[in-house]
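Asks: Residue numbers (my numbering), protein chains in the order written: chain A, 1 to 217; chain B, 218 to 539.
Ideal Cβ placement from N, Cα and C applies to all residues, glycine included.
Owing to the predicted nature of the structure, the values given are computational and were not obtained by experimental measurement.
1) Alpha carbon to alpha carbon, what distance is there between residue 73 of chain A and residue 473 of chain B?
2) When the cut-off is 8 Å and only beta carbons count, does residue 355 of chain B lie next to chain A?
3) Which stretch, first to last residue, makes up the beta strand (DSSP E) that contains residue 400 of chain B?
4) Give me, in chain order, the residues of the same chain whose beta-carbon lies closer than 7 Å to that of residue 489 of chain B; leave out the 5 immediate sequence neighbours on both sides.
5) From residue 197 of chain A to residue 96 of chain A, what distance separates their C-alpha atoms?
6) Beta carbon of residue 444 of chain B, beta carbon of residue 299 of chain B: below 8 Å?
7) Under the three-state reduction of DSSP, which class applies to residue 282 of chain B: helix, strand or coil?
8) Starting from residue 21 of chain A, find everything on chain B with Cβ-Cβ shorter than 7 Å and list it in chain order.
9) For residue 85 of chain A, return the contacting residues in chain B, with the cut-off set at a CB-CB distance below 8 Å.
10) Using three-state DSSP, classify residue 204 of chain A as helix, strand or coil.
11) Between the beta-carbon of residue 43 of chain A and the beta-carbon of residue 185 of chain A, is there less than 8 Å?
12) Report the partner residues of residue 125 of chain A according to the DSSP bridge assignment.
13) Assuming residue 288 of chain B is part of the beta strand (DSSP E), what are its boundary residues?
14) What's the gap between the Cα of residue 247 of chain B and the Cα of residue 272 of chain B?
15) In three-state terms, what does DSSP make of residue 151 of chain A?
16) Measure the Cβ-Cβ separation of residue 89 of chain A and residue 66 of chain A and say whether it is below 8 Å.
17) Does DSSP classify residue 510 of chain B as helix, strand or coil?
18) Rounded to whole angstroms, what's the CA-CA distance from residue 358 of chain B to residue 475 of chain B? Just pull it up for me.
19) If we ignore side chains and look at the alpha-carbon of each, how far apart do residue 107 of chain A and residue 130 of chain A end up?
20) Compare the Cα-Cα distances from residue 63 of chain A to each of A:91, A:110, A:76 and report the closest residue.
21) Quick check on residue 361 of chain B - is its C-beta less than 8 Å from some C-beta in chain A?
22) So what's residue 240 of chain A in DSSP terms, helix, strand or just coil?
23) Using a Cβ-Cβ cutoff of 8 Å, what residues of the stretch 89-112 of chain A are near chain B? List them in chain order.
24) Does the distance from the CB of residue 446 of chain B to the CB of residue 399 of chain B come in under 8 Å?
25) Need the endpoints of the alpha helix (DSSP H) that residue 298 of chain B sits in, please.
26) Runs of 4 residues minimum, wholly inside the stretch 404-454 of chain B: which ones carry the alpha helix (DSSP H) assignment?
27) Tell me which residue opens and which closes the beta strand (DSSP E) that residue 330 of chain B is part of.
28) Since residue 376 of chain B and residue 277 of chain B should fall inside the 8 Å C-beta cutoff, what is the C-beta to C-beta distance between them, to a whole number of angstroms?
29) From the beta carbon of residue 398 of chain B, is the nearest beta carbon of chain A less than 8 Å away?
30) Less than 6 Å between C-beta atoms, sequence neighbours within five positions excluded: which residues of the same chain meet that for residue 451 of chain B?
31) Within 8 Å (strictly less), CB to CB, does residue 119 of chain A reach chain B?
32) Shortest alpha-carbon distance to residue 294 of chain B belongs to which of B:386, B:412, B:349?
33) In the structure shown, what three-state DSSP assignment does residue 197 of chain A receive?
34) Any contact between the stretch 307-326 of chain B and the stretch 491-511 of chain B? By contact I mean 3 or more CB pairs, one from each, below 8 Å.
35) Taking a cut of 9 Å between CB atoms, which residues from the stretch 295-322 of chain B lie near chain A?
36) By a C-beta neighbour count over all protein chains shown, 10 Å radius and 16 as the cutoff for buried, is residue 301 of chain B buried or exposed?
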């Protein structure tokens, strides 16, 4: 743990994903945080609560994304108490964007903000490294997302049921974790609907792809 | 905020000799008491009187009590704002004495009292709205803006170096969180939401009329005519002085944005309003006359019962046969 590894930034190598389905939005992430080649935390939680029905997914430098999420939480709670209503997901995303855009030369953060509000329903906003803000029906991020893009593009459809969405996400994230060395551990899922938020995790032995494919039989 | 400290000396003069003004505050107690009987507790806004009043704030409210009437109404499908303003000079370019302003696309504000104070508040409202939008990405809501402006006005009622804003303002807004809203803020910083409100000289008349009207069941177009009528009514005591109206609305006709009433529509409404008021005044006079007329009984002889009419020396009175 000495010398070279200490000065490598702690990163959420990551696979993160959010999907809007019929009735809500589901967020999923792996749980590996690395410090260089060291797996710093194999059960980390990359899904941060911002408000009662707003969450964000973190990828990139852990310290940067944690700080941004913390500040976003602060501003959104202020907004919520001024409005005296559920704050819009768009506002949370805008706050994240303003940090990532204005400090882009100092930060290495890409985040996905997703949630539900009474005006627009379930929404997902991506804020990648440069600080653009894009609203999407499905968003993926992190180093592992490249390995599942084929699968996602083939199998995603709008207006899935909750079960279809859950199975789709578990399958996609497993594929990414399978191939990306910076992603691994368990899959964490958060489901946000008008009626509430529920959390679960898929442990290693329940993953669809758990055995590394062996080259030598 | 910057503080200005007034220096007793600025270093280029000699030390001033005392002019014996040390007892100036003691002497002021002997002065003739003003109507409000502030007697010593009304010299600055940071003093509370023993009865628990802040006289400076009350004086500020007085500044608006004798000024132009402003009013607002929430209708079935939007909000209306209006004010009547005396034409100060025939030489002034019409429309240059603005009282109703758009703060954002969907928020409007009307001021009364000390107008420069009011314009300062409108600038502040614009700044608040812009910074809110920049930070949160959504347009500011009527309630949040009203709260912030009220806080801002209130701040001027607690510091020694400031004086209260001498104006009442009404903020009309439409947003997806609260629908159409109306807030009235007074110089003390008190802010309440209303369905209908008024301030200024004619506020009593206006408030009574608004209550009678029940604007919640009228569309903006229908209510606008009534507002013109009410504003004309408020002005009746000062009939000789020329005045004009400024009215604005947020309604489906404007796409729920804040716009001034179209000039020709406003003119037409004002003419109709004046005619209606005159008719009502005539009707009032007539009903007064009717009350004073005594019913006169006409006695005729039996012989006249058979004839369809009775001749009363030149006049023929035709009886209706039962």
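Replies: According to the structure data:
1) 32 Å
2) yes
3) 396-402 is the extent of the beta strand (DSSP E) around residue 400 of chain B.
4) 442
5) 21 Å
6) Contact annotation: residue 444 of chain B and residue 299 of chain B have beta-carbon atoms nearer than 8 Å.
7) Three-state result, residue 282 of chain B: helix.
8) By Cβ distance, chain B contributes nothing, its closest Cβ being about 24 Å from residue 21 of chain A, past 7 Å.
9) 394
10) Of the three classes helix, strand and coil, the one that applies to residue 204 of chain A here is helix, per DSSP.
11) yes
12) Note: residue 125 of chain A sits in a beta bridge opposite A:113, A:135.
13) 287-291
14) With a pLDDT of 48 at residue 247 of chain B, under the threshold of 50, the modelled position of this residue cannot be trusted; read the value that follows with caution. So the alpha carbons of these two residues sit roughly 19 Å apart.
15) Correct three-state label for residue 151 of chain A: helix.
16) Result no, Cβ atoms of residue 89 of chain A and residue 66 of chain A do not sit closer than 8 Å.
17) coil
18) 13 Å
19) Taking the Cα positions, residue 107 of chain A is about 10 Å away from residue 130 of chain A.
20) Minimum Cα distance to residue 63 of chain A is reached at A:110.
21) yes
22) Coverage of chain A is limited to positions 1 through 217, which leaves residue 240 of chain A absent and any answer about it impossible.
23) 90, 91, 93, 94, 95, 98: these are the residues of the stretch 89-112 of chain A whose beta carbon lies less than 8 Å from some beta carbon of chain B, given in chain order.
24) No; because the gap between Cβ atoms is not below 8 Å, this pair is not in contact.
25) Here residue 298 of chain B belongs to no alpha helix (DSSP H); instead the beta strand (DSSP E) covers 296-303.
26) 420-430, 437-451
27) 324-330
28) Contact doesn't hold; Cβ gap of about 14 Å is too wide.
29) no
30) 286, 419, 422, 423
31) yes
32) B:412
33) strand
34) no
35) none
36) buried
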